[in-house]
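**Q**
Residue numbers (the working numbering): 404 to 920.
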């Protein structure tokens, strides 16, 4: 995707009317800064863990913070405050007409300005106006700003999402300068917060997107924090942290992505809970009928329409997902793999190595294996066992691969982060627009073969049947009432090879996310 077009007339004024995340005063001193409680894009430091649940907020404000109807113009509480309008509506510069009213941009009936239509013309032709409007209204949370997140953020901002919040409490190191194209030593980024350092460069890519930095530790955030976003993407975190964040996104019914890279190797995981999407295609000779396509996907509706003299078929599908807790360790390959020796032999052994790494991190408070014989022996034993658990042939897990994987742990290689970051961002855009088949549910990347293989990893037996029912969050054992306590103590979860979680984060130690008993 190419860079955005030149800023539309009035856009410079619009940008200057907003408060910079790095300045002490608003650029336009004629307007009072909005109160933090009235703008969901302003993140007060140190208070988000006490945010009220969305159900506790006034209906008007809640509909603005979490717009589900694709429009930001219906919040009466905010529309009664003229100072808020130019900050939230693209194309407004805050100027007044002869009657003392705010100058409104010309907006077509679909809610997207003519300038935006011109800017996103190629995208709109690709996935349609309705999908672009959903993308335009989306608020995305991106956790940890390293090389992989750089690529994800770049693609999301260029696609024209509504807002991107980057949360990262770490400071820029020399290693970051070598891996991230948004950072440079010449601009004084070394030693500054990673999220804050990246925001100005991201904002330049597309001034229409509201890019926000949050310097808090994500471990301090309560579950209600994640309800403020339409999608959560967590990168380069240990499995305990991913487990906790995924639990919070499930409670708030928010799509969740997890991703990470280790040199030549990497992964993408998705938990969209229940995701519906529409595939438009020319009607085939044999009409499509509602049915179950796979264990996790069904066709529930088929409609047709005439377009340019052709009959177009609109196929509505629903895809069900498993949690990170289960997919990362407690799930197996589907039967179409296990019953085929040829397919088992083709499964990437990097999957076994990543599962071994996640188990090692879980058992050692999040740290990676060190260059010592004890850690190497533990990791090799774990990887061999994971390979066996997946019923994979022993000859595919070679000593050369184990050695290469261990040497790459903790490294960042730009081509790998570009490939995985681009793939994740494209899938996230498709999910937001509810077009195309999303990732289901684990992508494993091997830089040696340059292959990104997709594996649907779900539990078997009664647990899998319950999770993959059409019940949404009620499909998670112990979470039918919408609390976390059932999940933490459910016996089926305790048998997944991972300890129960302690939701009271302990930032003083590294044992967060693990049981204290």
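A virtual CB, placed ideally from N, CA and C, is assigned to each residue, including glycine.
Out of curiosity, what's the CA-to-CA distance linking residue 784 and residue 791?
**A** Residue numbering aside, residue 784 sits at position 381 when the chain shown is read from its first letter. Residue numbering aside, residue 791 sits at position 388 when the chain shown is read from its first letter. Whole-angstrom Cα-Cα distance: 11 Å.
**Q** Using the Cα positions of residue 453 and residue 560, report the straight-line distance between them to the nearest angstrom.
**A** On the chain shown, position 50 is the one that residue 453 refers to. On the chain shown, position 157 is the one that residue 560 refers to. With a pLDDT of only 44 at residue 453, under the threshold of 50, the placement of this residue in the model should not be trusted, and no figure is reported.
**Q** Tell me the rounded alpha-carbon separation between residue 827 and residue 776.
**A** Here the question's residue 827 lines up with position 424 in the chain shown. Here the question's residue 776 lines up with position 373 in the chain shown. When rounded, the distance between both Cα atoms is 36 Å.
**Q** Taking just the CA atoms, how far does residue 601 sit from residue 613?
**A** For this step, residue 613 is matched to residue 210 along the chain shown. For this step, residue 601 is matched to residue 198 along the chain shown. Those two C-alpha atoms are separated by around 13 Å.
**Q** Is there contact here, the region 802-816 with the region 640-649, by at least three beta-carbon pairs under 8 Å?
**A** Too few Cβ pairs lie closer than 8 Å, so no.
**Q** Rounded to whole angstroms, what is the Cα-Cα separation between residue 704 and residue 691?
**A** Position 301 of the chain shown, counted from the start, is the residue given in the question as residue 704. Position 288 of the chain shown, counted from the start, is the residue given in the question as residue 691. Going by the C-alpha atoms only, they are around 9 Å apart.
**Q** Are the CB atoms of residue 844 and residue 724 nearer to each other than 7 Å?
**A** Counted from its first residue, the chain shown places residue 844 at position 441. Counted from its first residue, the chain shown places residue 724 at position 321. A contact, by the Cβ cut-off of 7 Å.
**Q** In chain order, what residues of the same chain have a beta carbon less than 7 Å from the beta carbon of residue 799, not counting five sequence neighbours either side?
**A** Along the chain shown, one-based indexing puts residue 799 at 396. Hits under 7 Å: 748 and 752.
**Q** Which whole runs of the beta strand (DSSP E) in the region 609-668 are 3 residues long or more, in chain order?
**A** Listed in chain order, the complete beta strand (DSSP E) runs (minimum 3 residues) inside the region 609-668 are 613-617, 634-638 and 659-665.
**Q** Residue range of the beta strand (DSSP E) that residue 679 falls in?
**A** Locating residue 679 in the chain shown gives position 276, counting from the first residue. Per DSSP, residue 679 belongs to the beta strand (DSSP E) from 677-685.
**Q** Confirm, please, whether the CB-CB distance from residue 694 to residue 702 is below 7 Å.
**A** On the chain shown, position 299 is the one that residue 702 refers to. On the chain shown, position 291 is the one that residue 694 refers to. It is a contact, given that the beta carbons lie within the stated cut-off.
**Q** Quick check: residue 720 and residue 746, are their CB atoms within less than 7 Å of each other?
**A** Against the chain shown, residue 720 aligns to sequence position 317. Against the chain shown, residue 746 aligns to sequence position 343. Not in contact: residue 720 and residue 746 (Cβ atoms no closer than 7 Å).
**Q** With DSSP run on the structure shown, which of helix, strand or coil describes residue 542?
**A** Here residue 542 refers to the residue found at position 139 of the chain shown. If DSSP states are grouped into helix, strand and coil, residue 542 belongs with the strands.
**Q** Taking only the alpha-carbon atoms, compute the straight-line gap between residue 522 and residue 688 and give it to the nearest angstrom.
**A** For the purposes of this step, residue 522 is taken as the residue at position 119 of the chain shown. For the purposes of this step, residue 688 is taken as the residue at position 285 of the chain shown. Taking the straight line joining both Cα atoms gives about 38 Å.
**Q** Do residue 756 and residue 672 have their C-beta atoms closer together than 7 Å?
**A** Here residue 756 corresponds to residue number 353 of the chain shown, with the count starting at 1. Here residue 672 corresponds to residue number 269 of the chain shown, with the count starting at 1. No; because the gap between Cβ atoms is not below 7 Å, this pair is not in contact.
**Q** Any idea if residue 517 is buried or exposed, counting beta-carbon neighbours within 10 angstroms, 16 or more meaning buried?
**A** By one-based count along the chain shown, residue 517 stands at place 114. Result: exposed.
**Q** Nearest-angstrom Cα distance between residue 608 and residue 737?
**A** Counting from one through the chain shown, the residue named residue 608 turns up at place 205. Counting from one through the chain shown, the residue named residue 737 turns up at place 334. Taking the straight line joining both Cα atoms gives about 42 Å.
**Q** Does the beta-carbon distance from residue 782 to residue 763 come in below 7 Å?
**A** As a position in the chain shown, residue 782 is number 379, starting the count at 1. As a position in the chain shown, residue 763 is number 360, starting the count at 1. Cβ distance < 7 Å, so residue 782 and residue 763 count as in contact.
**Q** Per DSSP, what kind of secondary structure is residue 595 in: helix, strand or coil?
**A** Counted from its first residue, the chain shown places residue 595 at position 192. In this structure, residue 595 counts as coil in the three-state DSSP scheme.
**Q** Answer with buried or exposed for residue 796, where buried requires no fewer than 16 other C-beta atoms within 10 angstroms of its C-beta.
**A** Numbered from 1 along the chain shown, position 393 holds the residue referred to as residue 796. Exposed.
**Q** Please name the residue or residues paired with residue 713 in a DSSP beta bridge.
**A** Along the chain shown, one-based indexing puts residue 713 at 310. DSSP lists 710 as partners of residue 713.
**Q** With distances taken Cα to Cα, identify the nearest neighbour of residue 611 among 563, 711 and 525.
**A** On the chain shown, position 208 is the one that residue 611 refers to. With distances taken between Cα atoms, residue 611 lies closest to 563.
**Q** Look at the alpha carbon of residue 830 and the alpha carbon of residue 841, and state the distance between them as a whole number of angstroms.
**A** The count along the chain shown starts at 1 and reaches residue 830 at position 427. The count along the chain shown starts at 1 and reaches residue 841 at position 438. Near 6 Å, if we compare the C-alpha coordinates of residue 841 and residue 830.
**Q** So the candidates are 593, 666 and 733; which of them puts its Cα closest to the Cα of residue 812?
**A** Within the chain shown, numbered from 1, the residue matching residue 812 stands at position 409. The candidate whose alpha carbon is nearest that of residue 812 is 666.
**Q** When you compare only the Cα positions, how much space is there between residue 865 and residue 675?
**A** As a working mapping, residue 865 is identified with position 462 in the chain shown. As a working mapping, residue 675 is identified with position 272 in the chain shown. Spanning the two alpha carbons is a distance of roughly 21 Å.
**Q** If you reduce the DSSP assignment to three classes, tell me which class residue 845 lands in.
**A** Taking the first residue of the chain shown as position 1, residue 845 is located at position 442. Residue state, collapsed to three classes: strand.
**Q** Note down the Cα distance separating residue 527 from residue 552, rounded to an integer number of angstroms.
**A** Working through the chain shown from its first residue, we reach residue 527 at position 124. Working through the chain shown from its first residue, we reach residue 552 at position 149. Whole-angstrom Cα-Cα distance: 25 Å.
**Q** Buried or exposed: which applies to residue 634, given that a residue is buried once 16 or more other Cβ atoms fall within 10 Å of its Cβ?
**A** Translated into the one-based positions of the chain shown, residue 634 becomes position 231. It counts as buried.
**Q** Less than 7 Å between the beta carbons of residue 744 and residue 716, yes or no?
**A** Along the chain shown, read from residue 1 onward, the residue named residue 744 stands at position 341. Along the chain shown, read from residue 1 onward, the residue named residue 716 stands at position 313. No, Cβ-Cβ distance for residue 744 and residue 716 is not below 7 Å.
**Q** What residue range is occupied by the uninterrupted beta strand (DSSP E) comprising residue 568?
**A** Sequence index remark: in the chain shown, residue 568 carries index 165 (1-based). Residue 568 -> beta strand (DSSP E) spans 566-570.
**Q** Take residue 592 and list the residues in its own chain whose beta-carbon comes closer than 6 Å to its own, dropping the five residues that flank it on each side.
**A** Locating residue 592 in the chain shown gives position 189, counting from the first residue. Within the same chain, residue 592 has close Cβ partners 575, 586 and 600.
**Q** Using the C-alpha atoms, what's the distance from residue 710 back to residue 394?
**A** With the chain represented from 404 up to 920, any question about residue 394 goes unanswered, as that position is not in the structure.
**Q** Can you tell me where the beta strand (DSSP E) holding residue 855 begins and where it ends?
**A** Walking along the chain shown from the start, residue 855 turns up at place 452. Residues 854-858.
**Q** Roughly how many angstroms lie between the CA atoms of residue 581 and residue 714, to the nearest whole one?
**A** Translated into the one-based positions of the chain shown, residue 581 becomes position 178. Translated into the one-based positions of the chain shown, residue 714 becomes position 311. Taking the straight line joining both Cα atoms gives about 52 Å.
**Q** Return the CA-CA distance between residue 882 and residue 677, expressed in angstroms with no decimal places.
**A** Working through the chain shown from its first residue, we reach residue 882 at position 479. Working through the chain shown from its first residue, we reach residue 677 at position 274. Caution applies to residue 882, whose pLDDT of 37 falls short of 50 and renders its modelled position unreliable; the value that the coordinates give is listed next. Answer to the nearest angstrom: the Cα atoms are 15 Å apart.
**Q** For residue 860 versus residue 730, is the C-beta spacing smaller than 7 Å?
**A** On the chain shown, residue 860 is found 457 positions in, with the first residue counted as 1. On the chain shown, residue 730 is found 327 positions in, with the first residue counted as 1. Taking 7 Å as the Cβ cut-off, residue 860 and residue 730 qualify as a contacting pair.
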